[in-house]
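Mapping the sequence shown onto our numbering, position 34 (from 1) lands on 34, and the numbers just tick up by one. Some notes on the structure that comes next.
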Amino acid sequence: MSTIQPSPHLTNIQLELLKLYAYDLKEEDMQELKKVLASFFAERIRKRTGKLWQERGYSQETMEQWLNDETQ
């Protein structure tokens, strides 16, 4: 069995987030930052899944079939 080895280098996002540690944010600013990050990643997921759905020809009917699938 192979094991995943951590990378010895930090990614660009890790480096940028480390810069934020120099600031002592107020709690409301921290909550706003969390929302901004969540929104950013949610939008990326929406774009990728939208593209995938279009490529595979999925539709509302596809979703309804999945939701009503008895094999779950």
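The C-beta atom is built at its ideal place from N, Cα and C for all residues, glycine as well.
Enclosing alpha helix (DSSP H) for residue i [first to last residue]
i	result
A38	27-56
N12	12-20
Helix, strand or coil at residue i [DSSP, three-state]
i	result
T3	coil
E70	coil
Chain D contact for residue i (CB, 8 Å cutoff)
i	result
Y58	You won't find chain D in this structure, because it holds only one protein chain.
C-alpha distance - residue i paired with residue j, whole-angstrom precision
i	j	result
T49	L20	30 Å
S59	F40	25 Å
K51	Y23	38 Å
K26	V36	15 Å
H9	E43	27 Å
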